[in-house]
Structures are given as C-alpha cells and as structure tokens.
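Residue numbers (our numbering): 1 to 421.
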C-alpha cells in the first residue's frame, strides 16, 4: 500500500494528524492467541463475568424489554436468504420483498392502519420522522411534546427538528397523563402535530387519548401516537381514539435485547395519498403480474425516498439496516395470531398487577406511585425507605436481581423513584 501511494512509512500516511493527537507510548497488547479455540474461551470467560437477563431476574424496561422470543423467529431470520441488513433489489429478491409486504400487512392490522414502513432504526427515529411528516403535510412548524417522555427519545426528536421545528412541552398531571387544560393553552394555529405515547414512558395508560386527538384536530393539527405494539392485543389501536400517524418500537415482537441493537421503529397511516407521499422510507406493495393468478411485490412511489431521488431532494435520508427486524416482527405476529397477542397482553397486565401488589406490602415502598392505569411498567417510589434508588439496586444486584431504571435524575419531582417492568 505504501509503495502504491509513494510513501516510505506509516508516519508519512499519518502526517496530517496533529502531533498532539498522535499516540506515542507502547500499546499494552497481550500475546496473540495460538488458535481460534483459545480466543473463544478467553472471550467467553470475560462475558461470564457479566450478569444477563437469563441469569438474573430482570425488572428493566424503558424502551427495551425482555419478552419471550419464539424459536421460529430466530430460525427464520437466521436463514441465509434473509440474514442481511439490506432491504433488497428489484427482480432478484422478490421473496424478501414479499416478507416485507407481509410484515407491513400484519403490523397494519395490529395498529388499525393501512400503510406501514420498512423499519426505521428505532422508535426514536420513527417518532422524529412522524413529527416531520406532520410538518410537511400541514405546512406548519410547531410540534407539541409531552412532559413525560424518554429523555433520549426527546433528544433524538429535537435533534432531527433542530433547524425546522419549534418544540413546545405540554405538562402532565399528577397521575402522569397529559394535562388537557395546558394542552389547550399550548396548541395554536402553527401547531403541526401533538405527539403522545400510550402507554407513556412511565408506563401510564393515557385514558384521554380521544380528547387529546380532538383538541389537536380542532386546531388543524395531526394526532401523533407512539405505541408499544405488544399492548395492542388488549388495548384499543390508536386510530380508535383519533390517531392520524402511529409510530412505535418493534423490539417486543420477537426480537432479543441486543445491547443497543435489536431495535426497529415503525410508522403507520391511512392509505391516503397525502400521508403516503410523506413517508421517507421504503413501502412495499402487491400487484398482479402478466401471468394470471401470479402476484409480484415491489416498491410503492419509489421516488419519495432517498434511494429513488437525489439525496438533497428526498424527504429524509433513510437506510434499510433494520429491515431484518421487520421480517422478525412479521414472523412473530404470524405465529402468535390475535389470540396469542391477547394472551401476551393479559399476561403482562396480570404480572404487573401482581408485582405492584407484592411491592406495596413492603414497608416504605410505594408501587404505581402515580396512581394511574398501567400495562407492564410502573413507577416505584423508594423515598420513604431512606435509601436512594442506587443503594437499593446495589442490594438487589447482589441477590441476582436487576432493578428497574433509575429515574430520580430524569424526574426529580418523583423523588427516589425507578421505572419497573
């Protein structure tokens, strides 16, 4: 390589790097392994030092949840013809296109909409794109976000809209639900959309979704709803309480927790041209071929996307790195069916209710401290114990238990509280 570049040494290759940034010490690199087997044993020994959701009792959720993954999900998504992050090309990957169409159809049926995208990176990106779609559709620039929202998701949404969006925060009441009177004050003629989640970040079910959507629609804004799809076997789909655009996280649908991977965001709308044209991502449809009884699968309105358009002329730049998880979610939904999704939902709610009941029997602990309805997550207040969440979680860890997510820093008004799943 150096000969080809006409250089004498690696120092010549790195000469544009400022001297103060160059490493000048000796790198502490261990001896090379003699075989792949030795390296594997060493790495496995390192990994064995960590706890995981298989060894420990796990109460962590907050956006990545330890749901059971049917074996068929791993069997199908690990097949050679599917195992790629790429979405596929016309003419030579019609089978992959069909799996994406089937996934879209199943999620659409679950959420009560007609059109679903090839997955975005995660729920945060899907939520950000949902807000951008509302802006493009209405020609307005203001987005209303709830006070109770995952801070990391809020950061992504605000980063996406930094140059084009005015964000307004609506207060939440003591029970964790959106304060309708504050919403009426905050919404206006420049509001493109009102975004809320059901259940919200702290696990509270928003029982006034229909009223929130009505307030948004009266102002000419879109109702944007984020949802955990695992809830929809027992909860009403968002369109039933007025949602115009729905988004959420596919990870609960047959996808393992993967240390930051295994996430995929979806968006869903009605099959109306002014919504479909605002999707930045690939959409797959079905159409008859020239052979009677035969159907093909392909992109719908491809020129909307950054694949089919100039990069600077597209709605957004998108990729296909989460397409495999769309396939996985489709396999999960096809396996579970409506009855299976209802059973999962009932099990989640029963387990959560049992956990709240048992926790409230412990002196100094208040489970479901916000007092609202909940699905699988709830806030636990440890303030009356005289200990911090960190201290309690350290004790739990010594007993082989992962406590919930410490939210005492994110929501100081809730005291020493954690979000348990």
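From the three backbone atoms N, C-alpha and C, an ideal C-beta is built for every residue, glycine too. Remember, predicted model here, so these are calculated numbers, not experimental data.
- Task: Identify whether residue 414 lies in helix, strand or coil by the three-state DSSP scheme.
- Result: Working through the chain shown from its first residue, we reach residue 414 at position 414. The answer is helix: DSSP assigns residue 414 an H, G or I state.
- Could you tell me which residues DSSP pairs with residue 226 in its beta bridges? Residue mapping note: residue 226 aligns to position 226 of the chain shown, counting from 1. DSSP output for residue 226 lists 197, 247 as bridge partner(s).
- Message: Taking a contact to mean a Cβ-Cβ separation below 7 angstroms, would you say residue 229 touches residue 253 in this structure?
- Response: Sequence index remark: in the chain shown, residue 229 carries index 229 (1-based). Sequence index remark: in the chain shown, residue 253 carries index 253 (1-based). With contacts defined by Cβ atoms closer than 7 angstroms, residue 229 and residue 253 form a contacting pair.
- Touch test, the segment 282 to 289 against the segment 258 to 273, Cβ-Cβ under 8 angstroms, three pairs minimum: No, they do not touch.
- Task: Please confirm whether residue 377 and residue 421 have their CB atoms less than 7 angstroms apart.
- Result: On the chain shown, position 377 is the one that residue 377 refers to. On the chain shown, position 421 is the one that residue 421 refers to. Yes. Within cutoff.
- Task: List the whole-angstrom C-beta distance separating residue 204 from residue 183, where the pair is believed to meet the contact cut-off of C-beta under 8 angstroms.
- Result: Position 204 of the chain shown, counting from 1, holds the residue named residue 204. Position 183 of the chain shown, counting from 1, holds the residue named residue 183. In fact, because the Cβ distance is near 16 angstroms, the residues do not count as touching under 8 angstroms.
- Query: Under three-state DSSP, which class holds residue 420?
  - Reply: If you number the chain shown from 1, residue 420 lands on position 420. Three-state DSSP puts residue 420 in a strand.
- In chain order, each beta strand (DSSP E) run of at least 3 residues that lies wholly inside the segment 320 to 405: Within the segment 320 to 405, the complete beta strand (DSSP E) runs of at least 3 residues are 378 to 381.
- contact_flag[the segment 124 to 133, the segment 265 to 280] where n(CB pairs < 8 angstroms) is 3 or more: yes
- Starting from residue 295, follow the beta strand (DSSP E) in both directions and report where the run begins and ends. To locate residue 295, count along the chain shown from 1; it is residue 295. Residue 295 -> beta strand (DSSP E) spans 295 to 299.
- Measure the Cβ-Cβ separation of residue 77 and residue 328 and say whether it is below 7 angstroms. In the chain shown, residue 77 corresponds to position 77, counting from 1. In the chain shown, residue 328 corresponds to position 328, counting from 1. Yes.
- On the premise that residue 330 lies in contact with residue 102, defined as a C-beta separation below 8 angstroms, what is that separation, rounded to the nearest angstrom? Walking along the chain shown from the start, residue 102 turns up at place 102. Walking along the chain shown from the start, residue 330 turns up at place 330. Right, the Cβ-Cβ distance comes to about 5 angstroms (below 8 angstroms), so this counts as a contact.
- Kindly indicate the opening and closing residues of the beta strand (DSSP E) around residue 260. Within the chain shown, numbered from 1, the residue matching residue 260 stands at position 260. Looking at the DSSP string, residue 260 is not in any beta strand (DSSP E), and its letter there is neither H nor E.
- Quick one: complete beta strand (DSSP E) runs, 3+ long, within the segment 141 to 207? 142 to 146, 166 to 170, 191 to 197
- Which class does residue 307 belong to by DSSP, given the choice of helix, strand or coil? Indexing the chain shown from 1 puts residue 307 at position 307. Look at residue 307 here: in three-state DSSP terms it is coil, with no helix or strand label.
- Task: Could you tell me which residues DSSP pairs with residue 287 in its beta bridges?
- Result: Residue mapping note: residue 287 aligns to position 287 of the chain shown, counting from 1. BP columns for residue 287 point to 296.
- Take residue 392 and list the residues in its own chain whose beta-carbon comes closer than 6 angstroms to its own, dropping the five residues that flank it on each side. The residue given as residue 392 occupies position 392 in the chain shown. Taken in chain order, the residues that qualify are 382.
- What three-state label does DSSP hand residue 269 in the structure shown? Working through the chain shown from its first residue, we reach residue 269 at position 269. The answer is strand: DSSP assigns residue 269 an E or B state.
- Evaluate residue 215 with the Cβ neighbour count: other Cβ atoms within 10 Å of its Cβ, from every protein chain shown; 16 or more gives buried, anything less gives exposed. In the chain shown, residue 215 corresponds to position 215, counting from 1. Per the 10 Å Cβ criterion, buried.
- Name the residue from 419, 418, 414 whose alpha carbon lies nearest to the alpha carbon of residue 173. Residue numbering aside, residue 173 sits at position 173 when the chain shown is read from its first letter. Ranking the options by Cα distance to residue 173, first place goes to 414.
- Message: To test your reading of the DSSP string, which unbroken alpha helix (DSSP H) runs of 4 or more residues are found completely within the segment 99 to 138?
- Response: Assignment of alpha helix (DSSP H) within the segment 99 to 138, counting only whole runs of 4 or more residues, yields 123 to 138 in chain order.
- For residue 207, count neighbouring C-beta atoms within 10 Å of its own C-beta (all shown protein chains included) and say buried if the count is 16 or more, exposed if not. Position 207 of the chain shown, counted from the first residue, corresponds to residue 207. So residue 207 ends up on the exposed side.
- Task: Within its chain, find whatever has a CB closer than 8 angstroms to the CB of residue 365; leave out the 5 residues flanking it on each side and keep chain order.
- Result: Within the chain shown, residue 365 is the residue found at index 365, counting from 1. If the five residues before and after residue 365 are omitted, its C-beta is found closer than 8 angstroms to the C-beta atoms of 359, 380, 381, 382, 384, 385, all from its own chain and listed in chain order.
- Query: When the distance is taken between beta carbons, is residue 371 closer than 7 angstroms to residue 175?
  - Reply: Position 175 of the chain shown, counted from the first residue, corresponds to residue 175. Position 371 of the chain shown, counted from the first residue, corresponds to residue 371. Against a cut-off of 7 angstroms, the Cβ pair of residue 371 and residue 175 comes out as a contact.
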